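Residue numbers (this note's numbering): 1463 to 1897. See structure below.
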Amino acid sequence: MRPVKASTTDPWRIGVAGLGTVGVGLLELLARRPDFAPGGARAVVAGVCARSRSRPRAAEIAHLPWFDDPVALAASSDNDLFVELIGGSDGPAKAAVEAALRAGKPVVTANKALIAEHGLELALLAESHAAPLLFEAAVMGGTPAVKMLREAMVGDEVAAVAGILNGTCNYILTEMETSGRDFAEVLAEAKRLGYAEADPTMDIGGFDAAHKITILAALAFGCAPAYRAAEVEGLENIELLDIRLAKDLGYRIKLIAWALRSGAGMSVRVHPALVPLDHPLARAGGVLNALFIEGRAVGRIFIQGPGAGAGPTAAAVAADIADVMTGAVRPVFQTAAASLPAFQSIDAAHAVGRGYLRLLVRDQAGVIAAVSEVLAESGVSIDSFLQKPVEGLAGVPIVLTTHAVALSVLSEAVRRVAALPALLEPPRLIRIAPI
Ligand SMILES: NC(=O)c1ccc[n+]([C@@H]2O[C@H](COP(=O)([O-])OP(=O)(O)OC[C@H]3O[C@@H](n4cnc5c(N)ncnc54)[C@H](OP(=O)(O)O)[C@@H]3O)[C@@H](O)[C@H]2O)c1
1463 MRPVKASTTD PWRIGVAGLG TVGVGLLELL ARRPDFAPGG ARAVVAGVCA
1513 RSRSRPRAAE IAHLPWFDDP VALAASSDND LFVELIGGSD GPAKAAVEAA
1563 LRAGKPVVTA NKALIAEHGL ELALLAESHA APLLFEAAVM GGTPAVKMLR
1613 EAMVGDEVAA VAGILNGTCN YILTEMETSG RDFAEVLAEA KRLGYAEADP
1663 TMDIGGFDAA HKITILAALA FGCAPAYRAA EVEGLENIEL LDIRLAKDLG
1713 YRIKLIAWAL RSGAGMSVRV HPALVPLDHP LARAGGVLNA LFIEGRAVGR
1763 IFIQGPGAGA GPTAAAVAAD IADVMTGAVR PVFQTAAASL PAFQSIDAAH
1813 AVGRGYLRLL VRDQAGVIAA VSEVLAESGV SIDSFLQKPV EGLAGVPIVL
1863 TTHAVALSVL SEAVRRVAAL PALLEPPRLI RIAPI
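Now the structure itself:
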């Protein structure tokens, strides 16, 4: 590992690749507080790189050495620590991080896609070159989730991590509920306000949250990150009607990312879920991120805060830079990468949960009895039932919640209900959060 600098007159020279939202935030932080790290050492920017040299930036860069190629900046002996703020799981971000690690240089990145999809190979590279690889900003921006699991929780056994890890999705769900507008309208507004990308697939499809929970699972369970093992369902099919009906039943719909461990194995998944209205995760509104960690000894911990933005994210990047500068560096994923246990996927047959089922049926006698009969025959027991005429709908929505049941049994029951002639559209199944 790189020796810690002994003298405060010998600053750490930082190479910053990517001068977008986070990169500019970091330049501003380093210009304002070059001595932010404990111990008094200074950090100075020794080189920058972005796609366009002429693009106007909110930070002053004219005096800084410019690199057209992030790999050249990463490999340059003119900087001691490389910060990757380009983004993307592959391409220039990955090439540059690999080049820095091969040069034995510490790397700090905010790139969740890179760490979730290539974390093990990068950890092997980092550890074989004794180069730290840190990524606090990759999950929950400025809210310290990574250090919480990597450091503060190692004395405990983490059984579960569950959270709202995508601010865009949380904003959309909150706005749908408070303004009564539908998904498409609120998404268009989120794009206008800069809360959603022009192509929002990574956020809305749940993939961004899946990257983040993959990283948290690896840290929580001391295993290799396994993005391909994640089960991912996004927000695309959430309707205003479900948000309203769920609320009538005492729930709020949230996009929840889960990492669970039991004797049967581990699971990582992202999907919309009904959360009881009085639960802290249900109360985290707007662009906020929130996270539950359940440790066997400590019980439940809840953290909430900004998951994005120049200032908060740059502060998280700076915290990692400080770790390198002070020598406070650990294995990338708890155990040396060469002997890191694999992620042990739970057999899907073991997955159990409660469901919210919304049906739009013809307004005729005997429909409820027919639905109840199919569910009972399938082995699904009903917990609560709500029938609520809604103006403007062709049929009557009926909503029921189930008791806990194997999810495979629930899916089969829903398939059978879907075949009932009284149904006017396919049933809508949303899981109820087991919290
Ligand atoms: N934004 C947030 O709040 C936030 C929060 C947490 C984590 N993150 C993560 O932080 C990273 C950066 O995010 P961001 O929002 O700052 O992104 P961004 O605003 O899109 O900025 C990306 C930067 O990378 C540069 N870039 C792109 N391709 C390049 C290439 N081939 N060579 C050199 N530079 C290249 C761009 O150059 P040009 O400016 O010249 O186009 C731009 O400066 C991502 O991994 C993201 O997931 C972001």
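Note that CB positions come from ideal geometry on N, CA and C, so glycine has one too. Here the structure is a predicted model, which is why all the values come from computation and not from measurement.
- Not a single heavy atom of ligand 1 lies less than 7 Å from the C-beta of residue 1662.
- Here residue 1714 has 1737, 1739 and 1744 as same chain residues with Cβ atoms under 6 Å from its own Cβ, once five neighbours each way along the sequence are excluded.
- Taken from the Cβ of residue 1606, every heavy atom of ligand 1 lies 7 Å or farther away.
- Taking each of 1629, 1833, 1687 and 1790 in turn and checking the Cα distance to residue 1885, the smallest one comes out for 1833.
- Taking C-beta separations shorter than 6 Å and ignoring five residues to either side along the sequence, the partners of residue 1684 in its chain run 1796 and 1797, following chain order.
- Approximately 19 Å separates the beta-carbon atoms of residue 1707 and residue 1631; this is outside 8 Å, ruling out the contact.
- Put simply, of 1687, 1830, 1764 and 1765 the residue whose alpha carbon is nearest the alpha carbon of residue 1807 is 1687.
- Shown here for residue 1889: same chain residues with a beta carbon closer than 8 Å to its own, the five before and five after excluded, namely 1819, 1820, 1821, 1876, 1879 and 1880 in chain order.
- Taking each of 1748, 1665 and 1726 in turn and checking the Cα distance to residue 1732, the smallest one comes out for 1665.
- Shortest Cα-Cα distance from residue 1565 to any of 1519, 1547, 1589 and 1572 involves 1589.
- A residue is called buried once 16 or more other Cβ atoms fall within 10 Å of its Cβ, and residue 1850, having fewer, is exposed.
- 1780 is the residue among 1759, 1780 and 1826 whose C-alpha sits nearest the C-alpha of residue 1545.
- Contact annotation: the stretch 1855-1875 does not touch the stretch 1669-1685, with fewer than three C-beta pairs closer than 8 Å.
- DSSP places residue 1751 within a strand segment (E or B) once states are collapsed to three.
- For residue 1807, there is no enclosing beta strand (DSSP E), as DSSP marks it with neither H nor E.
- The DSSP assignment places complete alpha helix (DSSP H) segments of no fewer than 4 residues inside the stretch 1492-1565 at 1532-1537 and 1553-1564, in order along the chain.
- The beta carbon of residue 1500 lies closer than 7 Å to those of 1784 and 1788 in the same chain, with the five residues before and after it left out.
- Contact between residue 1628 and residue 1671 holds: their C-beta atoms lie close to 4 Å from each other, under 8 Å.
- Counting C-beta pairs with one atom in each stretch, the stretch 1481-1499 and the stretch 1764-1773 have three or more that are closer than 8 Å, which means they touch.
- Within 10 angstroms of the beta-carbon of residue 1474 lie 16 or more other beta-carbons, which makes it buried.
- Rounded to the nearest whole angstrom, the C-alpha separation of residue 1690 and residue 1579 is 8 Å.
- In the three-state reduction of the DSSP assignment, residue 1571 falls in the strand class, which pools E and B.
- The C-beta separation of residue 1558 from residue 1624 comes to about 33 Å, leaving the pair out of contact by the 8 Å criterion.
- Beyond the five residues adjoining it in sequence on each side, residue 1726 comes within less than 6 Å, by CB distance, of 1808 and 1812 in the same chain, given in chain order.
- For ligand 1, a non-hydrogen atom lies closer than 7 Å to the CB of residue 1483.
- With a threshold of 7 Å, the Cβ atom of residue 1790 does not count as near ligand 1, since no heavy atom of the ligand is closer than that.
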